[in-house]
Structures are given as C-alpha cells and as structure tokens.
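What follows is a single structure, written as structure tokens, with notes after it.
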Amino acid sequence: MKQSTAADARSSASMSRNRSTSGLSREQMLELYYYMRLTRSLEERLVNLYRQTKVVGGLFRSLGQEADAVGSAYALDRSKGDILSPLIRNMGSMLVQGATPLEVIRQYMARGDSPTRGRELNIHFGDLVRGFIGQISHLGDMVPVMAGVTLSFKMRGEDRVGLVYVGDGATSTGAFHEGINFAAVQRCPLVVVVENNGYAYSTPLSKQTAARELKDKAVGYGIAAEQADGNDVIATYEATKRAVDRARSGGGVTLVELITYRRKGHAEHDNQSYVPPGEIDKWEKTNDPIDRYIQVLSKDFAVDKTELESIDSRVKSEIDDATDEAEKSPMPEPKDALVGVYADPPEEKPLWFREGVRAAVEVNERPASWGTHDG
Ligand SMILES: Cc1ncc(C[n+]2csc(CCOP(=O)(O)OP(=O)(O)O)c2C)c(N)n1
Ligand SMILES: [Mg+2]
C-alpha cells in the first residue's frame, strides 16, 4: 500500500468551499488580516532583536502558519470566557486573545516587567482572564491539562469551551493519547487542534506516523474530526468554529487537523539541512497564507490596496512603539526569581505556613506590573 505523504495530505485538504458560509462580517475579515500581519511583522521584529542579541533565548517562528493560529483562535468566543492553550507557534492565537506586542517583546527580551519577570524567554506566559494558558514545552502535556480545564467547565455548568494546540509530533506522545481519550470519554467541551506542519524538529510526517492522515486518529477515540487547509484563514476559522459549536452544544471533543507548513526551522538556530531542496521555496511562492488571503479579500470582498496598507502601517507603528517601550524596560532584579513561584490562587486564603511569604510579596510587588519589585 502506498504510504501517504505530507504532500498528499496537503493536496486533499485544499477543498472547495462556499465563502458565504463563514458568517464573518467585512470588519471581522479585516481583523483576521490585521492579526496575521501583526503576527508576521512582530516575529520579524523579534528576529531583528535576536540578531542584535537583545532577544536572549531561542526564537521560534510561525512563518507560513499565521492563518492556522489566527483563524482557529478567532473561532472561540472571548465574551463567553473560552480559553486556549497555545504552543510556541501560536503567538498569533495569543494576540487574538489579547496578548500585546509589548508583553511579547518584553518577554523575549527577558525584562523585569515582562509577564514572567525575566524567568522565561519566549511566549510561555498566560492570562486566564484574557483566555490563554501558560504553555509548557513538554509535547502533548497540555492535552490532559485542557481535558481537566474543560471538565471543570462542564461540572460547573459553564457555557465555555477550551481549545488545545498540538503539533504533528505531539500526536505520538502518551500524554496526547491519555488526554484526548479521557476528554472523549467525559465528553468535555474541548477542541484539539493538530497543526500538521510537516515536521517535528527534523522528523517529517512520514516518519512520525503510519496513519494515513492525522484526522483519522479521531476514529480511535470515538470523536468527531475536521480537516482544513491551514493556510486558508477562513477555512481554518470555519472548521474550528464547527468544532467549537459542537463542544458548546454538548457534542464533546473534536480533533481538528489543520494542514500547513513550517517554513522556518524548529527555531532560529536550525538550518533546515534535512528539508528536500525546493520544498520551502514552493510553499513560499505558491501557498503563503497572507498572500492568499489578500487575493481573497481583493477578489471576493473588494478590499482595496489602500485599506490593507493602512492596516500594515497601523501594525508597524504598534510594533515600533512596543519596541521603544520594551527597550526602556529594566532588567530583572535577582530577588524576582524567588517570588510567585508557588502562587496561591488570588481568591483563596493562603495556607498558614505561606502566610508570611505572601504578605512579603504583596508589600514588595509593583502594582502596575506583574510582580516586579520596586526596591
Ligand atoms: C515529550 C517531549 N519530547 C521531546 C521534546 C523536544 N521537542 C520540542 S519541540 C519538538 C518538536 C515538536 O514538533 P511538533 O509537535 O510537530 O510541533 P512543531 O514544532 O512542528 O510546531 C521536540 C521533539 C519535548 N519538548 N517534549
Ligand atoms: Mg510539526
């Protein structure tokens, strides 16, 4: 039997669809463009800062995957308190949920007033109020976490949905299996987005799984599946929206496979020597999600060039302002490393043996930021 390749899976996902089914207003369509452009331009700025050695950790790009991150997150309902669990290539999803370029740049530059006060060097930060959970690196491990989060939504009778991102590589882990199986059995209001970008570090999809397509894994768990062209932001939105609606109406878990391509290496240090010649170029020239969306906006929705240019210049000035602001941010204080590591949930009384520690934190933390000392 013919082993299916990443390319086969990709071409079968380029399905035709009726653009009028998306239900998005013109304003929302332009907002999708804004978030994709913001994601790409902000990452380009981070690359500049990285080359100036101002970004001190690794830099993980989502070049070519902006539509999958933005379109899927856009399907959640922020007014209902929906929550997502991002990965390194989901900066776009975090921006949709309300993370700001200033937070992202401060975080990458490990500044003292960054969300994690210099203790983490990329987008591993979260904010439950805005609806994104702090991610961890361990592949697949956020699936059981989000199974638990969405089980709590169900037990409390809340009308909320959770979405967890995993890569093609993460689908081979035990944590993915246990988490998705548990969520399926409990009929949790959970959407599992599998970002099939063709590679896990240097491992291509053909060496990752013998499954014909990643969406087929849903059958084994007894859950619904969706598959979409992840470089088509509207298709991505629509497939994820169907899954979100299913979860909200009690239909349980959906596995959504989004087919895309990782145009950069795993991180900035990776020279992609394992990628067959011409592959990256082909995706860049023929399947760039932003180029494709510009075509759709101009041909099907009569959006003109000046409208898009004004969004581009708004994005540029937001990123310039955020960069200037972040450059002024202080480096972390050594004592910052000691506070907030074992935080009590704010609404709960601290345990008696932590009472003194918590009081010290409250006295010393700068109210305007996320826990940085004044003194
Ligand atoms: C359990 C586990 N094993 C190995 C790693 C090291 N690691 C980090 S990212 C990565 C590849 C991830 O590939 P994929 O899930 O396809 O996501 P992508 O990077 O393509 O978005 C690996 C092997 C890890 N973080 N956790
Ligand atoms: Mg991958």
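Following this note's numbering, the residues of the sequence shown are numbered contiguously, the last one being 379. Note that the Cβ used here is the ideal one computed from N, Cα and C, for glycine as well. Keep in mind that this is a model prediction, so the values were computed, not measured.
Subject >> Residues bridged to Y169 (per DSSP) >> reply: Y169 pairs with V197.
**OP:** Return the chain-ordered list of same chain residues with a C-beta closer than 6 Å to the C-beta of A243, the five sequence neighbours on each side being excluded.
**Re:** Counting only Cβ-Cβ distances below 6 Å, and skipping sequence neighbours, we find E230, A232, V260.
**OP:** Could you give the DSSP three-state label for M5: helix, strand or coil?
**Re:** Low per-residue confidence applies at M5: pLDDT is 31, beneath 50, and the placement is therefore not dependable enough to give any value.
Subject >> Run of the beta strand (DSSP E) containing D325, from where it starts to where it stops >> reply: Judged by DSSP secondary structure, D325 falls outside any beta strand (DSSP E) and instead within the alpha helix (DSSP H) spanning 309 to 332.
Original post:
Considering only residues of the same chain and omitting the five flanking positions on each side of N201, which have a CB-CB separation below 7 Å?
Top reply: If we look at N201 and ignore the five residues flanking it on each side, its Cβ neighbours are Q69, G171, D172, T264, Y265, R266.
Original post:
Expressed to the nearest angstrom, what Euclidean distance is found between the alpha-carbon atoms of L218 and H270?
Top reply: Approximately 20 Å between the Cα atoms of the pair.
Original post:
Hey, is A151 close to ligand 2, as in C-beta under 7 Å from one of its heavy atoms?
Top reply: Not under cutoff, so the answer is no.
**OP:** Measure the C-alpha to C-alpha separation of A114 and G138 and round it to an integer number of angstroms.
**Re:** Rounded to the nearest whole angstrom, the C-alpha separation of A114 and G138 is 16 Å.
Original post:
For Y203, is the beta carbon positioned less than 7 Å from some heavy atom of ligand 2?
Top reply: Result yes, Cβ under 7 Å from ligand 2.
Original post:
A231 lies in the beta strand (DSSP E); which residues open and close that run?
Top reply: In the sequence as presented, Ala is not what sits at residue 231; that position holds Gln. 228 to 233 is the extent of the beta strand (DSSP E) around Q231.
Subject >> ligand 1 heavy atom lying under 7 Å from the CB of R93 >> reply: Yes, the Cβ of R93 comes within 7 Å of a heavy atom of ligand 1.
Original post:
With respect to 7 Å, is the separation between the Cβ of L167 and the closest non-hydrogen atom of ligand 1 below this value?
Top reply: Relative to ligand 1, L167 has its C-beta separated by 7 Å or more from all heavy atoms.
**OP:** Give the range of the alpha helix (DSSP H) segment to which I140 is assigned.
**Re:** Run containing I140: none; DSSP gives neither H nor E here.
**OP:** Check whether the Cβ atoms of L262 and T290 lie closer than 8 Å to each other.
**Re:** No, they are not a contact pair.
Original post:
Is L125 near ligand 1, going by C-beta to nearest heavy atom under 7 Å?
Top reply: L125: no, Cβ never under 7 Å from ligand 1.
Original post:
So what's V260 in DSSP terms, helix, strand or just coil?
Top reply: V260: strand per DSSP, three-state reduction.
Original post:
DSSP three-state call for L301: helix, strand or coil?
Top reply: Helix at L301.
Subject >> Contacts around L106, its chain only, beta-carbon distance under 7 Å, and the 5 residues preceding and following it disregarded >> reply: Leaving aside the five residues that flank L106 on each side, the residues in its chain whose CB is nearer than 7 Å to its CB run, in chain order, A326, E329, A330.
Original post:
Smallest Cα separation from F4: which of N126, G102, M159?
Top reply: Past the edges of the chain, shown from 5 to 379, lies residue 4, and the structure says nothing about it.
Original post:
Are the beta-carbon atoms of A71 and M40 separated by less than 8 Å?
Top reply: For A71 and M40, yes; Cβs fall inside 8 Å.
**OP:** Excluding the 5 residues preceding and the 5 following Q276 in the sequence, name in chain order all residues of the same chain whose CB lies nearer than 6 Å to its CB.
**Re:** Excluding residues within five positions, the ones whose Cβ falls inside 6 Å are G269.
Original post:
Counting pairs of Cβ atoms below 8 Å between the region 207 to 216 and the region 42 to 51, do you hit three or more?
Top reply: The region 207 to 216, when compared against the region 42 to 51, does not touch it at the 8 Å Cβ threshold.
Original post:
Between which two residues does the alpha helix (DSSP H) harbouring S210 extend?
Top reply: Taken as a continuous stretch (DSSP letters only), the alpha helix (DSSP H) holding S210 covers 209 to 212.
**OP:** For L132, count neighbouring Cβ atoms within 10 angstroms of its own Cβ and tell me buried if that reaches 16, exposed if not.
**Re:** Exposed, by the Cβ-count rule.
**OP:** Would you identify the three-state DSSP class for S89, choosing helix, strand or coil?
**Re:** Annotated three-state conformation of S89 is strand, per DSSP.
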